[in-house]
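Trainee: Residue numbers (my numbering), protein chains in the order written: chain A, 81 to 407; chain B, 227 to 618.
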Amino acid sequence: MPESRELTLGEAVREAMAEEMRRDSRVFICGEDIAEAGTVFKVLTGLVDEFGTERVLDTPISEAGFTGIAVGAAMTGMRPIVDIMFGDFSTLVMDQMVNQAAKVHYMSGGKWKVPMVMRATLGATRRSAAQHSQSLHAWFCHIPGLKVVLPSTPYDAKGLLKTAIRDDNPVVFFEDKMMYKLKGPVPVEDYTIPFGVADVKRVGSDITIVATSSMVQVALGAAKLLEEYDISAEVIDPRTVWPLDEKTLIESAKKTSRVIVVDEGYGRYGVTAEIASVIAEGAFFNLEAPVKRIGAMHVPIPFSPPLEDATVPTERQVFEAAKALCG
Amino acid sequence: MATSVVMPALEMAQETGKIVSWIKKEGDTVTKGEILLEVETDKAVVEIEATADGVLAGVKSHEGDVVPVGTTIAWLVAPGEQPPAYSPANVPSARAGVGAIYDRPGRSQTAPAEPAESPKSGAQISPKARRLAKEKGVDLSKIRGTGPDGTITSEDVLKAAETAQAPTAAPEAAPRLSAVARLMAERTTQSWTQVPHFFLARDVDAGALIELREKLGTKAVTHTDLLVALTARVLAKHPKMNASWDNGSIRLNPSINISVAMAVQDGVVGAVIPNADKTRIPDIAAQRKELTERARSGRLKPADVSGGTFTITNLGMYNVDAFNAIIAPPQAAILAVGRIADRVVALNGQPAVRAMMTLTLSGDHRVVDGAQAAVFLNDLAEAIRAPGDWIG
Numbered sequence: 081m082p083e084s085r086e087l088t089l090g091e092a093v094r095e096a097m098a099e100e101m102r103r104d105s106r107v108f109i110c111g112e113d114i115a116e117a118g119t120v121f122k123v124l125t126g127l128v129d130e131f132g133t134e135r136v137l138d139t140p141i142s143e144a145g146f147t148g149i150a151v152g153a154a155m156t157g158m159r160p161i162v163d164i165m166f167g168d169f170s171t172l173v174m175d176q177m178v179n180q181a182a183k184v185h186y187m188s189g190g191k192w193k194v195p196m197v198m199r200a201t202l203g204a205t206r207r208s209a210a211q212h213s214q215s216l217h218a219w220f221c222h223i224p225g226l227k228v229v230l231p232s233t234p235y236d237a238k239g240l241l242k243t244a245i246r247d248d249n250p251v252v253f254f255e256d257k258m259m260y261k262l263k264g265p266v267p268v269e270d271y272t273i274p275f276g277v278a279d280v281k282r283v284g285s286d287i288t289i290v291a292t293s294s295m296v297q298v299a300l301g302a303a304k305l306l307e308e309y310d311i312s313a314e315v316i317d318p319r320t321v322w323p324l325d326e327k328t329l330i331e332s333a334k335k336t337s338r339v340i341v342v343d344e345g346y347g348r349y350g351v352t353a354e355i356a357s358v359i360a361e362g363a364f365f366n367l368e369a370p371v372k373r374i375g376a377m378h379v380p381i382p383f384s385p386p387l388e389d390a391t392v393p394t395e396r397q398v399f400e401a402a403k404a405l406c407g
Numbered sequence: 227m228a229t230s231v232v233m234p235a236l237e238m239a240q241e242t243g244k245i246v247s248w249i250k251k252e253g254d255t256v257t258k259g260e261i262l263l264e265v266e267t268d269k270a271v272v273e274i275e276a277t278a279d280g281v282l283a284g285v286k287s288h289e290g291d292v293v294p295v296g297t298t299i300a301w302l303v304a305p306g307e308q309p310p311a312y313s314p315a316n317v318p319s320a321r322a323g324v325g326a327i328y329d330r331p332g333r334s335q336t337a338p339a340e341p342a343e344s345p346k347s348g349a350q351i352s353p354k355a356r357r358l359a360k361e362k363g364v365d366l367s368k369i370r371g372t373g374p375d376g377t378i379t380s381e382d383v384l385k386a387a388e389t390a391q392a393p394t395a396a397p398e399a400a401p402r403l404s405a406v407a408r409l410m411a412e413r414t415t416q417s418w419t420q421v422p423h424f425f426l427a428r429d430v431d432a433g434a435l436i437e438l439r440e441k442l443g444t445k446a447v448t449h450t451d452l453l454v455a456l457t458a459r460v461l462a463k464h465p466k467m468n469a470s471w472d473n474g475s476i477r478l479n480p481s482i483n484i485s486v487a488m489a490v491q492d493g494v495v496g497a498v499i500p501n502a503d504k505t506r507i508p509d510i511a512a513q514r515k516e517l518t519e520r521a522r523s524g525r526l527k528p529a530d531v532s533g534g535t536f537t538i539t540n541l542g543m544y545n546v547d548a549f550n551a552i553i554a555p556p557q558a559a560i561l562a563v564g565r566i567a568d569r570v571v572a573l574n575g576q577p578a579v580r581a582m583m584t585l586t587l588s589g590d591h592r593v594v595d596g597a598q599a600a601v602f603l604n605d606l607a608e609a610i611r612a613p614g615d616w617i618g
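1. Does DSSP put V570(B) in a helix, a strand or coil?
2. Under 8 Å: do the stretch 299–306 of chain A and the stretch 246–262 of chain A share three or more Cβ pairs, one atom per stretch?
3. Anything in chain B within Cβ reach of L367(A), meaning under 9 Å, just list it in chain order.
4. In the DSSP output, which residue or residues are listed as bridge partners for D256(A)?
5. Are the CB atoms of R514(B) and D615(B) nearer to each other than 7 Å?
6. CB V228(A) to CB R159(A), shorter than 7 Å?
7. Output the boundary residues of the alpha helix (DSSP H) element that contains S621(B).
8. Between the C-alpha atoms of E99(A) and D270(A), what's the straight-line distance to the nearest angstrom?
9. Nearest-angstrom Cα distance between G111(A) and A402(A)?
10. Taking only beta carbons into account, state which residues of the stretch 354–383 of chain A come closer than 7 Å to chain B, listed in chain order.
11. Let me know the secondary structure DSSP gives I553(B) once reduced to three states.
12. Here's the rule I'm using: 16 or more other beta-carbon atoms within 10 Å means buried, otherwise exposed. How should G203(A) be labelled?
13. Do R199(A) and F146(A) have their CB atoms nearer than 7 Å?
14. Classify N427(A) as helix, strand or coil using the three-state DSSP reduction.
15. From which residue to which residue does the beta strand (DSSP E) around N540(B) run?
16. Enumerate in chain order the residues of its own chain whose CB-to-CB distance from T272(A) is below 6 Å, with the five nearest sequence positions on each side excluded.
17. Which of helix, strand or coil does DSSP assign to P393(A)?
18. Distance check for P234(A) and L417(A), CA to CA, integer angstroms please.
19. Given V178(A), which residues of its chain have a CB within under 6 Å of its CB, disregarding the five upstream and five downstream residues?
20. Return the residue from the list T539(B), K250(B), V594(B) that minimises the CA-CA distance to S287(B).
21. Could you work out which residues of chain B lie near G132(A), taking near to mean beta carbons separated by less than 9 Å?
22. For V268(A) and E86(A), I'd like the C-alpha separation in whole angstroms.
23. Can you tell me which of the three DSSP states G589(B) falls into?
24. Can you give me the C-alpha to C-alpha distance between S142(A) and L127(A), rounded to a whole angstrom?
25. Please identify the residue among D343(A), S337(A), Y260(A), L324(A) whose C-alpha is closest to the C-alpha of V296(A).
26. Scan the stretch 249–262 of chain B for residues whose Cβ lies nearer than 9 Å to a Cβ of chain A and list them as they occur along the chain.
27. DSSP on I369(B), reduced to helix/strand/coil?
28. Identify each residue in the stretch 335–353 of chain A for which the Cβ-Cβ distance to at least one residue of chain B is less than 8 Å, and report them in chain order.
29. By Cβ distance, which residues of its chain are closer than 6 Å to R338(A), with the 5 residues on each side in sequence left out?
30. For chain B, check one thing: does any of its Cβ atoms lie closer than 7 Å to the Cβ of G407(A)?
31. Could you check which residue in F364(A), E307(A), I359(A) has the C-alpha nearest to that of V290(A)?
32. Check the Cβ-Cβ distances between A302(A) and every residue of chain B, and say whether any is below 7 Å.
33. On a CA-only basis, which of M196(A), F131(A), H217(A) is nearest G167(A)? Give me that one, please.
34. Any heavy atom of the ligand ZN closer than 6 Å to the CB of A278(B)?
35. Ordered along the chain, which non-local residues of its own chain (more than five positions away) have a Cβ less than 7 Å from that of D325(A)?
36. Please name the residue in G564(B), S380(B), I553(B), R520(B) whose C-alpha comes closest to that of V272(B).
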């Protein structure tokens with residue numbers, strides 16, 4: 081029996097980075113307020129004490145600048161981790177990530193590689209208003225050359241982050257800021273989780289709920305409510321939205337014939353749109369109903385708490401949608 | 227401009243009408259008001275008139291078809307004009323052949339035609355259900371969907387496939403009942419099982435009735451006509467006998483409309499003589515005669531058979547002495563009349579021969595009781611014994 085203990089998602093992320101930094105001296109972190117402060121979410125607390133300010137590098141408020149540094153460092157043999165405090169600041173790093181990090185390997189004919197990780201946060205309901213609450217992971221999924229990871233449990237966060245750090249390509253790693261306190265079992269020994277392998281978080285037979293990041297917990301809650309109605313819901317977490325484990329999604333859709341996709345990003349042109357389309361193409365003749373998508377309300381996220389809460393998919397919403405689909 | 231000929235709603239709750247016959251044929255020139263076709267409803271056969279001048283064209287529904295009300299069944303067009311194309315929603319699919327009932331009468335429409343390419347004529351079909359139906363050779367048009375909004379799901383298809391495979395031990399389908407036969411079966415079952423019947427029988431001397439009839443002319447007036455007139459006039463004194471059971475309360479009817487049970491091809495209908503208490507005997511006779519003729523030819527109109535408040539049924543012509551009749555709800559009573567025949571009766575201590583007749587009154591015990599009904603029957607017997615007192 082492998083040894084395991086309960087860690088929070090934040091602790092699992094920190095442990096993954098600490099272990100990788102111990103294992104590989106080329107790994108370093110740069111970002112705002114990450115050293116002494118240990119980030120605003122206290123995820124990196126203590127890392128600077130072990131690895132020093134050269135490997136836990138506090139930067140000025142200059143996302144484009146330090147992301148560019150990371151791209152260059154990666155091209156010249158380092159394995160940087162960039163800390164973007166709020167995913168909303170992706171706007172500032174887009175040129176470095178999209179036009180540099182994602183392109184260099186292709187444009188150099190494979191001579192250069194960019195083994196870097198951009199860590200960022202997503203998720204609303206932290207009362208952080210419109211510029212600090214968005215879930216913009218879909219933007220990166222649109223770009224060939226970037227891999228996009230959305231962990232939903234401490235176990236997945238640690239295993240996936242280790243894989244990200246060891247990957248020779250740029251990886252964008254989104255953590256839901258509301259999940260840092262989520263606890264779950266994490267093995268003591270070293271492990272990694274391969275990209276492009278979805279995880280069936282709950283086995284069911286009547287309806288498939290595909291969910292990402294914190295929406296996995298929402299889906300599991302909805303599945304529990306559905307039990308009372310004798311509706312058996314299967315919950316699938318793709319874990320990486322690119323590469324996407326299409327096979328597992330399609331197989332599940334074929335099995336249950338009804339699918340809901342839940343993601344905290346905006347639905348329009350978003351992750352739910354892509355996954356719904358994959359399922360419609362792959363399982364069309366096994367579907368009883370159109371694939372239902374549930375995403376963030378298509379509005380800038382309000383500061384008012386009740387209004388903000390209303391923009392995020394809820395257990396009840398998923399539950400009602402599932403009931404309607406099952407008739 | 228083309229005018230549509232639409233299956234009319236002739237009664238409140240009518241959902242479909244059956245085309246009995248087309249009087250005019252495709253291509254016939256008709257003028258407004260001419261009879262185009264005959265339609266059978268639950269209660270009657272009705273003649274449908276042309277609502278415009280024109281040439282009958284695009285006849286789509288034929289004799290025997292059962293069509294939802296509101297459906298366009300033909301067009302009246304100008305000479306040389308083509309009838310408009312039917313919308314898919316109005317065109318019966320292959321499955322709706324002669325005698326078929328459309329799946330969704332509620333969806334029928336009088337609205338202008340939809341775009342011709344609209345593919346949906348009814349329920350949605352899930353992609354999975356469609357594939358399975360193809361694989362298993364199931365006809366989707368015969369399936370009723372049980373999914374959300376009536377969507378046909380794979381479950382429905384699999385069920386249908388199973389049913390189709392099950393050995394068919396069902397006997398050959400009996401011919402469909404006519405509307406009259408079906409209605410009679412439903413109404414009598416409902417009455418006999420739900421209305422608490424009681425019966426009072428009374429022999430009456432019919433001598434005066436026979437005399438009165440001879441006075442008025444045996445050709446023109448029947449015993450039934452006289453009984454209609456007398457019963458109606460006696461009912462005026464007994465409003466509860468002319469009342470109706472109305473969902474837990476008793477409703478007194480403002481007018482006295484006597485239904486006369488008439489045999490028609492497939493059963494019996496009650497043809498109504500309205501305000502019979504105020505109608506003169508010759509008029510009652512004339513009305514009854516006309517109704518009889520219409521009933522025999524299956525051409526009673528809805529109005530002919532609605533609104534009755536008390537029924538008289540006479541089987542005397544078949545030599546029946548006495549019988550118990552089933553009440554026609556919501557009416558409270560029905561009078562069953564036996565034949566008039568010479569019988570030996572005791573008269574002043576001596577046997578005598580008299581023309582006697584047995585009346586049997588069926589009452590709805592929720593509306594009237596035995597004593598009230600007996601008083602009415604007594605008055606009626608008295609009126610038959612001395613009709614002159616009642617008929618001016």
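Where is the CB? At the ideal position from N, CA and C, for every residue including glycine.
Mentor: In this structure, then:
1. DSSP places V570(B) in strand when its eight states are reduced to three.
2. In short, these stretches do not touch, since the Cβ pair count stays below three.
3. In chain order: S352, P353, K354.
4. D256(A) has L202(A) as its beta-bridge partners, per DSSP.
5. Inclusion of R514(B) and D615(B) in the CB contact set at 7 Å is not warranted, their separation being larger than that value.
6. In this structure, the beta-carbon distance from V228(A) to R159(A) does not fall below 7 Å.
7. Shown here, chain B extends from 227 to 618; a query on residue 621(B) therefore has no answer.
8. C-alpha separation (whole angstroms): 9 Å.
9. C-alpha separation (whole angstroms): 41 Å.
10. Cβ contacts with chain B: F364, F365, N366, L367, E368, A369.
11. Coil at I553(B), not helix or strand.
12. With 16 or more Cβ atoms within 10 Å of its Cβ, G203(A) is classed as buried.
13. With contacts defined as CB atoms closer than 7 Å, R199(A) and F146(A) fail to qualify as a contacting pair.
14. Residue 427(A) lies beyond the stretch modelled for chain A, which goes from 81 to 407, so this question has no answer here.
15. 536–540 is the span of the beta strand (DSSP E), which, as asked, contains N540(B).
16. Once the five neighbours on either side are set aside, the close Cβ partners of T272(A) are G239, K242, T243.
17. Here P393(A) sits in coil by DSSP.
18. Lying before the first or after the last residue shown, residue 417(A) is absent from chain A, which here runs from 81 to 407.
19. Only I223 meet the Cβ criterion.
20. When the alpha-carbon of S287(B) is set against those of T539(B), K250(B), V594(B), the nearest one is in K250(B).
21. Within chain B, no C-beta atom comes nearer than 9 Å to that of G132(A); the closest sits roughly 59 Å away.
22. One C-alpha to the other measures close to 10 Å.
23. In the structure shown, G589(B) sits in a strand (DSSP, three-state: E or B).
24. Between S142(A) and L127(A), the C-alpha separation is close to 21 Å.
25. Nearest neighbour of V296(A) by Cα position, chosen from D343(A), S337(A), Y260(A), L324(A), turns out to be D343(A).
26. Result list empty, no residue passes.
27. In this structure, I369(B) counts as coil in the three-state DSSP scheme.
28. Contact residues of the stretch 335–353 of chain A toward chain B are S337 (C-beta to C-beta distance below 8 Å).
29. Taken in chain order, the residues that qualify are I287, E368, A369, L405.
30. Closer than 7 Å: yes.
31. Comparing Cα-Cα distances from V290(A) to each of F364(A), E307(A), I359(A), the minimum goes to I359(A).
32. Not closer than 7 Å to any Cβ of chain B, the Cβ of A302(A) fails to qualify, so no.
33. Cα-wise, what sits closest to G167(A) is H217(A).
34. You won't find the ligand ZN in this model; it holds no ligand whatsoever.
35. Correct list, in chain order: G276, V277, A278, P318.
36. Just measuring C-alpha positions, the residue of G564(B), S380(B), I553(B), R520(B) sitting nearest V272(B) is R520(B).
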